[in-house]
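**Student:** The following block contains the structure, expressed as structure tokens.
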Amino acid sequence: QACGIASDVSCPSQEHNVSINNQCSLHPYEISFHQLGWDHWIIAPRLYTPNYCKGICTRILHYGLNSPNHAIIQSLVSELVNHSVPQPSCVPYNFLPMSILLIESDGSILYKEYEGMIAQSCTCR
Amino acid sequence: KAGLPSTALLADNPTLPSILDLAKEASGKEVKQWPQGYPLRYMLKLYQRSADPLGHPRENRTIGAKMVRLIKPSANTVRPPRGSWHVQTLDFPLASDQVAYELIRATVVYRHQLHLVNYNLSCHVEIWVPKCGTKHSPSSKSGSSKPSPTSKAWTEMDITHCVQQKLWNRKGRRVLRLRFMCQQQNSNETLKLQGHGLTSLDVAFLLLYFNDTDDGVQAKLLARGQEELIDRESSFLVRSVR
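Read top to bottom, the protein sequences are chains H and D.
Residue numbers for the first sequence follow this note's numbering, so the first one is 76 and each next one is one higher.
Residue numbers for the second sequence follow this note's numbering, so the first one is 84 and each next one is one higher.
Printed below as a string of structure tokens:
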């Protein structure tokens, strides 16, 4: 069924069950280190925006999701061949670092840049 | 406290970002005490210069390091006065994650002016490491090229060479000992500073700047790989000549 693969050919049944805003996408999310119970050792920043990825990875993986061909195959297998094979997952693709000022248990003060702290884009894998 | 992954998971997976290791450690141990005074202000200024309010590292940051540790002295002893000099010895423990991080710079920030009730003192520090004599007169400029965020009473002195050459690669527990020496400005009278609480006063702290050794390790691995490749090729060449 070409409609299931080529993104410019939509399948009638496809249109009903996956609207655009359900598709895999990045969701902004802000927390405080107090909510994580870490504010007794993190001096700065107060707020942290890890963001998260959520949504359905349909067969029509819209452009820009950086998904490998494998994701399309897996979604077809899941739908047409074997339902026990899960649909691809919506996960972060690019990350941003974050600088944290914290207190170590010996009382030293540490400035440190941590990689992979903020989700910047999503992908279906 | 938010649930943390079980320590077994953390322990099994040493490559987890060290923030989780720290969280595990910190959630277990309450921090001794929240820092205050000039050391905290110094690091807050360094942080604000290096990251925006949401913690995103600034593109134009100038610290040139991925990690900066401010270490306060673990021991601070007042020595018997020597003539007109007041002397304190300060011990700084050099804990290190040598595997993951490479020391790229070390400085000591100290008070070069000390105003007590009836004394105005001029101070400097000396490193207690053989053949590492560094005697500095007060100067507001730090040894480094980068403007250090010190106030007019504090000075930053670069001691990278001493720490890297003499201490950093030593085995076992490594302690950097400094002598903090003060003299009354324009007077040679003997100082009687007992009771001024000098051992609890922040008079100096150490700053160690680190970078990840990842690329360092990568570079070394590549270099070693290339060496092996070259060795094999050269022996191959010898064989083909035979």
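Backbone N, C-alpha and C fix where the C-beta goes; we use that ideal spot for every residue, glycine too.
I'd like to check one pair, Gln171/D with Leu274/D: are the Cβ atoms closer than 8 Å?
**Tutor:** Looking up residue 274/D in the second sequence gives position 191. Looking up residue 171/D in the second sequence gives position 88. No, Cβ-Cβ distance for Leu274/D and Gln171/D is not below 8 Å.
**Student:** Quick check on DSSP: helix, strand or coil for Tyr130/D?
**Tutor:** If you number the second sequence from 1, residue 130/D lands on position 47. In the structure shown, Tyr130/D sits in a helix (DSSP, three-state: H, G or I).
**Student:** Check distances from the C-beta atoms of the segment 181 to 199 of chain H to those of chain D and list, in chain order, the residues that come in under 9 Å.
**Tutor:** Listed by position, the residues of the segment 181 to 199 of chain H near chain D (Cβ gap below 9 Å) are Asp181, Gly182, Ser183, Ile184, Leu185, Tyr186, Lys187, Glu188, Tyr189, Glu190, Gly191, Met192, Ile193.
**Student:** Just the C-alpha distance for Asn294/D and Ser167/D, rounded to the nearest angstrom, thanks.
**Tutor:** The residue you call residue 294/D lines up with position 211 of the second sequence. The residue you call residue 167/D lines up with position 84 of the second sequence. Each residue's alpha carbon lies about 42 Å from the other.
**Student:** Using CA atoms only, rank isn't needed, just tell me which of His109/H, Arg200/H, Leu185/H is closest to Leu291/D.
**Tutor:** On the second sequence, residue 291/D is found 208 positions in, with the first residue counted as 1. Cα-wise, what sits closest to Leu291/D is Leu185/H.
**Student:** So, does the CB of Pro122/D fall closer than 8 Å to a CB anywhere in chain H?
**Tutor:** To locate residue 122/D, count along the second sequence from 1; it is residue 39. With 8 Å as the cut-off, Pro122/D counts as an interface residue toward chain H.
**Student:** Who pairs with Gln119/D in a beta bridge, going by DSSP?
**Tutor:** Position 36 of the second sequence, counted from the first residue, corresponds to residue 119/D. Answer is none; Gln119/D lacks a bridge partner.
**Student:** Could you list the residues in the segment 117 to 128 of chain H with a C-beta less than 8 Å from some C-beta on chain D, going in chain order?
**Tutor:** Hits within the stretch, in order: Ile118, Ala119, Pro120, Leu122, Tyr123, Thr124.
**Student:** Going along the chain, which residues of the segment 116 to 147 of chain D sit with their C-beta nearer than 9 Å to a C-beta in chain H?
**Tutor:** Per Cβ criterion, the list reads Gln116, Trp117, Pro118, Pro122, Leu123, Tyr125, Met126, Leu127, Leu129, Tyr130, Gln131, Ser133, Ala134, Asp135, Pro136, Leu137, Gly138, His139, Pro140, Arg141, Arg144, Ile146.
**Student:** Give the interface partners of Pro211/H over in chain D, defined as CB-CB distance under 7 Å, in chain order.
**Tutor:** As displayed, chain H neither begins before 76 nor continues past 200, which places residue 211/H out of reach and without an answer.
**Student:** Looking at the C-beta of Leu176/H, does it have a partner C-beta in chain D at a distance below 8 Å?
**Tutor:** Mapped onto the first sequence, residue 176/H falls at position 101. At least one chain D Cβ lies under 8 Å of Leu176/H.
**Student:** Between Ser142/H and the rest of its own chain, which residues show a CB-CB distance below 8 Å, the 5 nearest in sequence each way excluded?
**Tutor:** Against the first sequence, residue 142/H aligns to sequence position 67. If we look at Ser142/H and ignore the five residues flanking it on each side, its Cβ neighbours are Cys132, Leu136, Pro163, Thr198, Cys199, Arg200.
**Student:** Using a Cβ-Cβ cutoff of less than 7 Å, which residues in the same chain neighbour Glu179/H once the five nearest sequence positions on both sides are dropped?
**Tutor:** For the purposes of this step, residue 179/H is taken as the residue at position 104 of the first sequence. Cβ within range, chain order: Leu185.
**Student:** On the three-state DSSP scale, how would you describe Lys326/D?
**Tutor:** Lying before the first or after the last residue shown, residue 326/D is absent from chain D, which here runs from 84 to 325.
**Student:** Leu171/H and Met192/H look like a contact to me (Cβ under 8 Å); what is the Cβ gap, rounded to whole Å?
**Tutor:** Indexing the first sequence from 1 puts residue 171/H at position 96. Indexing the first sequence from 1 puts residue 192/H at position 117. Contact holds; Cβ gap of about 7 Å.
**Student:** What residue range is occupied by the uninterrupted beta strand (DSSP E) comprising Leu151/H?
**Tutor:** Numbered from its first residue, the first sequence carries residue 151/H at position 76. Per DSSP, Leu151/H belongs to no beta strand (DSSP E); it is in the alpha helix (DSSP H), 144 to 151.
**Student:** What whole-angstrom Cβ distance do Tyr202/D and Gln267/D have, given they're in contact under 8 Å?
**Tutor:** Taking the first residue of the second sequence as position 1, residue 202/D is located at position 119. Taking the first residue of the second sequence as position 1, residue 267/D is located at position 184. 6 Å between Cβ atoms; contact.
**Student:** Give me the Cα-Cα distance between Gln131/D and Pro161/H, rounded to the nearest whole angstrom.
**Tutor:** Indexing the second sequence from 1 puts residue 131/D at position 48. Indexing the first sequence from 1 puts residue 161/H at position 86. Approximately 45 Å, taken between the alpha carbons.
**Student:** Give me the residue from Gly130/H, Leu111/H, Ile175/H with the minimum Cα distance to Asn96/H.
**Tutor:** Working through the first sequence from its first residue, we reach residue 96/H at position 21. Among Gly130/H, Leu111/H, Ile175/H, the Cα nearest to that of Asn96/H is on Gly130/H.
**Student:** Out of curiosity, what's the CA-to-CA distance linking Arg124/D and Thr124/H?
**Tutor:** Sequence index remark: in the second sequence, residue 124/D carries index 41 (1-based). Sequence index remark: in the first sequence, residue 124/H carries index 49 (1-based). Answer to the nearest angstrom: the Cα atoms are 25 Å apart.
**Student:** Which residues mark the beginning and the end of the beta strand (DSSP E) in which Cys99/H is found?
**Tutor:** Here residue 99/H refers to the residue found at position 24 of the first sequence. Looking at the DSSP string, Cys99/H is not in any beta strand (DSSP E), and its letter there is neither H nor E.
**Student:** Restricting to Cα atoms, I'd like to know which of Arg165/D, Ile187/D, Lys254/D is closest to Gly147/D.
**Tutor:** On the second sequence, residue 147/D is found 64 positions in, with the first residue counted as 1. Checking every option, the nearest Cα to that of Gly147/D belongs to Ile187/D.
**Student:** With a Cβ-Cβ cutoff of 8 Å, do Ile154/D and Ser100/H count as a contact?
**Tutor:** For the purposes of this step, residue 154/D is taken as the residue at position 71 of the second sequence. For the purposes of this step, residue 100/H is taken as the residue at position 25 of the first sequence. For Ile154/D and Ser100/H, no; Cβs fall outside 8 Å.
**Student:** Assign Ala134/D to buried or exposed, taking buried as 16 or more other Cβ atoms, counted over all protein chains shown, within 10 Å of its Cβ.
**Tutor:** Residue 134/D sits at position 51 when you count from the first residue of the second sequence. Answer is buried; the Cβ neighbour count reaches 16.
**Student:** In the DSSP assignment, what residue or residues form a beta bridge with Leu249/D?
**Tutor:** As a first step, residue 249/D is located in the second sequence; it is residue number 166 there, counting from the start. According to the sequence displayed, residue 249/D carries Lys and not Leu. The partner list for Lys249/D (beta bridge, DSSP) is empty, contrary to what the question assumes.
**Student:** What did DSSP end up calling Val192/D once you bin it into helix, strand or coil?
**Tutor:** The count along the second sequence starts at 1 and reaches residue 192/D at position 109. The answer is strand: DSSP assigns Val192/D an E or B state.
**Student:** Where Ala194/H and Asn159/D are concerned, what is the direct C-alpha to C-alpha distance, given to the nearest angstrom?
**Tutor:** As a position in the first sequence, residue 194/H is number 119, starting the count at 1. As a position in the second sequence, residue 159/D is number 76, starting the count at 1. Looking at the two C-alpha atoms, the distance is approximately 45 Å.
**Student:** For the beta strand (DSSP E) holding Trp168/D, just list the boundary residues, first then last.
**Tutor:** Here residue 168/D corresponds to residue number 85 of the second sequence, with the count starting at 1. Element bounds for Trp168/D: 168 to 176.
**Student:** Among residues of its own chain, excluding the 5 on either side of Pro103/H, which ones have a beta-carbon nearer than 7 Å to its beta-carbon?
**Tutor:** The residue labelled residue 103/H in the question sits at position 28 within the first sequence. Taken in chain order, the residues that qualify are Thr124, Asn126.
**Student:** How far does the beta strand (DSSP E) with Thr329/D in it extend, from its first residue to its last?
**Tutor:** In the structure displayed, chain D extends from 84 to 325; residue 329/D sits before or after that span and is not available.
**Student:** Kindly say whether Arg257/D, judged by its beta-carbon, lies nearer than 8 Å to any beta-carbon of chain H.
**Tutor:** One-based indexing of the second sequence puts residue 257/D at position 174. Answer no: the Cβ-Cβ gap between Arg257/D and chain H never drops below 8 Å.
**Student:** Three or more C-beta pairs closer than 8 Å, one from the segment 137 to 151 of chain D and one from the segment 240 to 257 of chain D: is that the case here?
**Tutor:** In short, these stretches do not touch, since the Cβ pair count stays below three.
**Student:** Just to confirm, is the Cβ distance from Pro136/D to Ser157/D under 8 Å?
**Tutor:** Counting from one through the second sequence, the residue named residue 136/D turns up at place 53. Counting from one through the second sequence, the residue named residue 157/D turns up at place 74. It is not a contact, given that the beta carbons lie outside the stated cut-off.
**Student:** Go ahead and label Trp116/H buried or exposed: buried means 16 or more other beta carbons lie within 10 angstroms of its beta carbon, across all protein chains shown.
**Tutor:** Position 41 of the first sequence holds residue 116/H. Its Cβ being crowded by 16 or more others within 10 Å, Trp116/H is buried.
**Student:** Using only CA atoms, which one of His207/D, Leu127/D, Ala178/D lies nearest to Ala287/D?
**Tutor:** Indexing the second sequence from 1 puts residue 287/D at position 204. Taking only the C-alpha atoms, the option nearest Ala287/D is His207/D.
**Student:** For Leu284/D, go through chain H and note every residue whose CB falls closer than 9 Å to its CB, in chain order.
**Tutor:** Along the second sequence, read from residue 1 onward, the residue named residue 284/D stands at position 201. Neighbours of Leu284/D on chain H: none; closest Cβ ~16 Å, over 9 Å.
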